[in-house]
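Since the structure comes first, as structure tokens, the remarks are kept for the end.
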């Protein structure tokens with residue numbers, strides 16, 4: 034019970050950072066895609082949260098098996114960098130399909146499995162990325178050591194951080210205003226550039 038409580042408290046205390054880190058990718062996406070229906074917004078956010086949960090579970094399993102090697106491994110660092118670059122490409126692709134819907138290539142791209150699964154991919158990439166909350170979680174996981182306590186801690190940590198991402202559900206309503214929807218489409222392009230620069234920087238450091 035103490036493990037779950039510690040994970041929950043850490044998630045609640047660091048969740049503000051999570052919304053700041055995730056908003057550049059998810060807010061424009063939800064505004065531009067989820068404005069048609071609350072169900073669409075709920076599906077997008079649900080898939081995004083599922084991606085984050087999967088990322089935490091993968092991270093917890095890796096720490097339980099490999100310990101400090103996870104943090105120092107250049108393979109892990111390169112993997113995170115590639116995932117962030119992939120995220121930037123998906124952001125660009127989605128923004129292009131919104132801005133040029135009449136093009137046949139954009140229509141095909143919009144139906145592609147990769148773009149339709151963008152929320153899950155974004156949750157996975159952003160959830161497993163090296164950031165201050167994950168470093169604090171990493172320290173706790175090293176102390177726990179064993180797989181089952183690590184999984185419980187990660188699940189509770191996810192629940193604490195997820196509270197701060199609930200407002201994304203309502204952000205789709207903003208997209209009902211055409212001007213805001215247009216701004217969100219432009220913001221996706223800038224977000225893609227930002228994540229591309231972050232991914233390249235991480236790759237150069239690995």
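Numbering (the numbering used here), first residue to last: 34 to 239.
Here a beta-carbon is modelled for each residue, glycine too, at the ideal position from N, C-alpha and C.
- Only exposed fits residue 172, as fewer than 16 other CB atoms lie within 10 angstroms of its CB.
- One thing to note: residue 185 has its Cβ within 8 Å of the Cβ of residue 36.
- Taking 8 Å as the upper bound for CB-CB distance, residue 96 and residue 175 are in contact here, some 7 Å apart.
- Contiguous alpha helix (DSSP H) elements confined to the segment 46-115 occur at 71-99, 102-105, taking only those with 4 or more residues.
- Residue 177 and residue 71 have their C-alpha atoms roughly 40 Å apart.
- The beta carbons of residue 156 and residue 84 sit about 2 Å from each other, so the pair counts as a contact at 8 Å.
- For residue 214, the enclosing alpha helix (DSSP H) covers residues 211-238.
- For residue 217, the number of other beta carbons within 10 angstroms of its own is at least 16, and it is reported as buried.
- Runs of the beta strand (DSSP E) lying entirely within the segment 174-209, each at least 3 residues long, are absent.
- Under the 10 Å beta carbon count, residue 152 is surrounded by 16 or more other beta carbons and is classified as buried.
- Here the segment 198-206 lies against the segment 47-64, with 3 or more beta-carbon pairs under 8 Å apart.
- Two segments are said to touch when three or more pairs of C-beta atoms, one from each, lie closer than 8 Å; by this definition the segment 121-128 touches the segment 222-235.
- Between the beta-carbon of residue 48 and that of residue 160 there is about 13 Å, and that puts the pair past the 8 Å contact cut.
- Taken through DSSP and simplified to helix, strand or coil, residue 149 comes out as helix.
- With fewer than 16 other CB atoms across the displayed protein chains lying within 10 angstroms of its CB, residue 199 is exposed.
- Residue state for residue 39 is assigned as helix, using DSSP reduced to three classes.
- Remark: C-beta atoms of residue 235 and residue 122 do not approach each other more closely than 8 Å.
- Annotation: residue 187 to residue 98 spans about 15 Å, alpha carbon to alpha carbon.
- Counting only the Cα atoms, residue 75 lies some 10 Å from residue 81.
- Rounded to the nearest whole angstrom, the CA to CA distance from residue 215 to residue 77 is 19 Å.
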